[in-house]
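The opening position of the sequence shown corresponds to residue 901 in my numbering, with each subsequent residue numbered one higher.
Quick notes on the structure that follows.
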Amino acid sequence: MSTLKTVLVLCTGNSCRSQMGEAILNHDLAGLVRAISAGTAPQPKVADGAIEALQLAKLPTAGLYPKTVESVMDQDIDLVVSVCDNAKETCPIFPRPVKRIHVGFHDPHGEPLESFVAVRDDICARLVPAVRAALDL
């Protein structure tokens, strides 16, 4: 049995894309990765549209909350995935070398539920295979 790889999904607000990425990776790559998410400037709460889009796909949302990137720095992270251009540019320096990739997604914040659903589906289609490839899973 191999050890789970830890994947940090990084965004600016940690309220939409990174939260959906965390939930989707933990579901689709269960037993292979442990996904966490964080933001460079986190919002006070996860966007209602993100929660609803995940629930519509029967994905778990318990335990999702915005976190600062500083709050996860002490964890052994195997891969950092930035999901917005701002987070890619402002990604902090980690205590040890960490592989990084960027897979950008549209920001649905403030848009109708349909936008969140479209981004959720895009995350499923592109983020999961990108993480598999980056970690040789």
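Idealized CB from N, CA, C, for every residue including glycine.
These numbers come from a predicted model, not from an experiment.
Would you mind stating whether residue i and residue j have Cβ atoms separated by less than 8 Å?
i, j, result
"residue 921", "residue 1035", "no"
"residue 959", "residue 927", "yes"
"residue 1019", "residue 1001", "no"
Assign residue i to one of two classes, buried (16 or more other C-beta atoms within 10 Å of its C-beta) or exposed (fewer than that).
i, result
"residue 966", "buried"
"residue 974", "exposed"
"residue 963", "exposed"
"residue 1007", "buried"
"residue 947", "buried"
What residues match up with residue i in a beta bridge as DSSP calls it?
i, result
"residue 982", "910, 1002"
"residue 905", "933"
"residue 938", "910"
"residue 968", "939"
Could you name the residues of the same chain whose beta carbon sits closer than 8 Å to that of residue i, not counting the 5 residues immediately before and after it, in chain order?
i, result
"residue 901", "The pLDDT assigned to residue 901 is 45, lower than 50, so where the model puts this residue is not dependable, and the model offers no usable value."
"residue 925", "907, 909, 933, 935, 1027, 1028, 1031"
"residue 972", "908, 936, 938"
"residue 913", "939, 941, 942, 943, 966, 1009"
"residue 904", "931, 932, 933, 934"
"residue 1022", "1005, 1006"
Within the same chain, show all residues whose beta-carbon is closer than 6 Å to that of residue i, passing over the 5 residues directly before and after it, in chain order.
i, result
"residue 1037", "932"
"residue 1012", "none"
"residue 977", "906, 908, 998"
Which same chain residues end up closer than 7 Å to residue i when comparing Cβ atoms and leaving out the 5 residues on each side of it in sequence?
i, result
"residue 969", "910, 938, 939, 940, 992"
"residue 954", "920, 923, 961, 1020"
"residue 1003", "981, 983, 1026, 1027, 1030"
On the premise that residue j lies in contact with residue i, defined as a C-beta separation below 8 Å, what is that separation, rounded to the nearest angstrom?
i, j, result
"residue 1017", "residue 956", "7 Å"
"residue 983", "residue 918", "6 Å"
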